[in-house]
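Position one of the sequence shown corresponds to residue 165 (the numbering used here), numbered consecutively onward. Here the structure comes first, spelled out in structure tokens, and everything after it is commentary.
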Amino acid sequence: APYMGRDSVQPFLEFPGKWVVLLALTSNPGSADFQLLATDGAPLFERVLQTAAAWGDPERLMFVVGATHPEHFARIRALVPDHFLLVPGIGAQGGDLEAVCRHGFNDRCGLLVNVSRSILYASPNEDFADAARRQALHLQERMAELLPNPDGEIFVDR
């Protein structure tokens with residue numbers, strides 16, 4: 165977490181070939197307790213993104229940004245256009261995959277969309293493996309439909 169400051173993150177940035185993943189705006193309901201608090205007219209998560217982005221190379225530093233906050237994705241992408249975003253909250257938490265893709269993709273960098281519970285718990289029955297596979301394939305197909313096209317147009321629903 166970046167909340168302890170640069171000195172708590174810097175040692176991890178010194179490992180060549182390794183990524184540092186920092187929390188910015190998490191997908192859980194409690195994220196509003198602190199991450200959305202206004203600081204100098206902007207939510208705290210924006211200050212975290214602005215400050216922490218300067219700590220490391222976009223090739224080694226990414227941010228967690230929950231899919232349950234799609235209304236913030238355009239601003240987030242404007243603040244960190246070159247950083248990968250790790251996006252939890254699709255599936256069981258009800259995040260908006262379409263909005264995330266519409267505002268999260270750009271021509272410089274992509275998204276790492278994490279879907280866990282809706283796949284892990286796709287079925288409580290003996291068909292668990294098949295249900296998990298179906299759910300994973302469905303989400304994979306949906307994400308493929310939302311990828312930018314070869315002309316660089318972002319969000320083309322094919």
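Don't be surprised by glycine CBs; every beta carbon is placed ideally from N, CA and C.
Tell me the rounded alpha-carbon separation between residue i and residue j.
{"i": "LEU189", "j": "ARG298", "result": "29 Å"}
{"i": "LEU261", "j": "ASN270", "result": "15 Å"}
{"i": "GLU309", "j": "LEU301", "result": "12 Å"}
{"i": "LEU201", "j": "ASP294", "result": "43 Å"}
{"i": "GLU305", "j": "VAL279", "result": "13 Å"}
{"i": "ALA231", "j": "VAL277", "result": "9 Å"}
{"i": "ASP204", "j": "SER195", "result": "19 Å"}
{"i": "SER172", "j": "PHE179", "result": "14 Å"}
{"i": "ASN289", "j": "GLN257", "result": "21 Å"}
{"i": "ARG281", "j": "GLY169", "result": "31 Å"}
Does the Cβ-Cβ distance between residue i and residue j come in under 8 Å?
{"i": "VAL244", "j": "ALA217", "result": "yes"}
{"i": "GLY268", "j": "GLY259", "result": "no"}
{"i": "ASP246", "j": "ARG211", "result": "no"}
Give me the residue from the options with the minimum Cα distance to residue i.
{"i": "ARG239", "options": "LEU208, PRO288, VAL185 and ARG224", "result": "LEU208"}
{"i": "VAL264", "options": "LEU177, SER191, PHE292 and GLN214", "result": "SER191"}
{"i": "HIS233", "options": "ASP221, ARG272, THR215 and PRO193", "result": "PRO193"}
{"i": "GLY181", "options": "ARG281, ARG170 and LEU225", "result": "LEU225"}
{"i": "ALA165", "options": "ASP294, VAL228 and CYS273", "result": "VAL228"}
{"i": "LEU186", "options": "ALA196, ASP197, ALA206 and PRO222", "result": "PRO222"}
{"i": "LEU250", "options": "ARG170, LEU275 and ARG266", "result": "LEU275"}
{"i": "MET307", "options": "PHE237, PRO288, ARG266 and VAL212", "result": "ARG266"}
{"i": "LEU177", "options": "GLY220, ARG281 and LEU311", "result": "GLY220"}
{"i": "PHE248", "options": "MET168, ASP171, SER172 and TRP183", "result": "TRP183"}
For residue i, name the three-state secondary structure that DSSP assigns.
{"i": "LEU261", "result": "helix"}
{"i": "VAL277", "result": "strand"}
{"i": "VAL244", "result": "coil"}
{"i": "PRO207", "result": "strand"}
{"i": "PHE179", "result": "coil"}
{"i": "ALA375", "result": "Only positions 165 to 322 of the chain appear in this structure, which leaves residue 375 out of reach."}
{"i": "ALA218", "result": "coil"}
{"i": "LEU311", "result": "coil"}
{"i": "ALA231", "result": "coil"}
Within the same chain, show all residues whose beta-carbon is closer than 8 Å to that of residue i, passing over the 5 residues directly before and after it, in chain order.
{"i": "ILE283", "result": "GLY255, ALA296, GLN299, ALA300 and LEU303"}
{"i": "GLN214", "result": "LEU243"}
Closest Cβ-Cβ distance between residue i and chain B: below 8 Å?
{"i": "LEU187", "result": "As a matter of chain content, chain B is missing from the structure shown, which is built from one protein chain."}
Spatial neighbours of residue i within its chain, please: CB distance less than 6 Å, with the 5 preceding and 5 following residues excluded, ordered by chain position.
{"i": "SER287", "result": "ALA295"}
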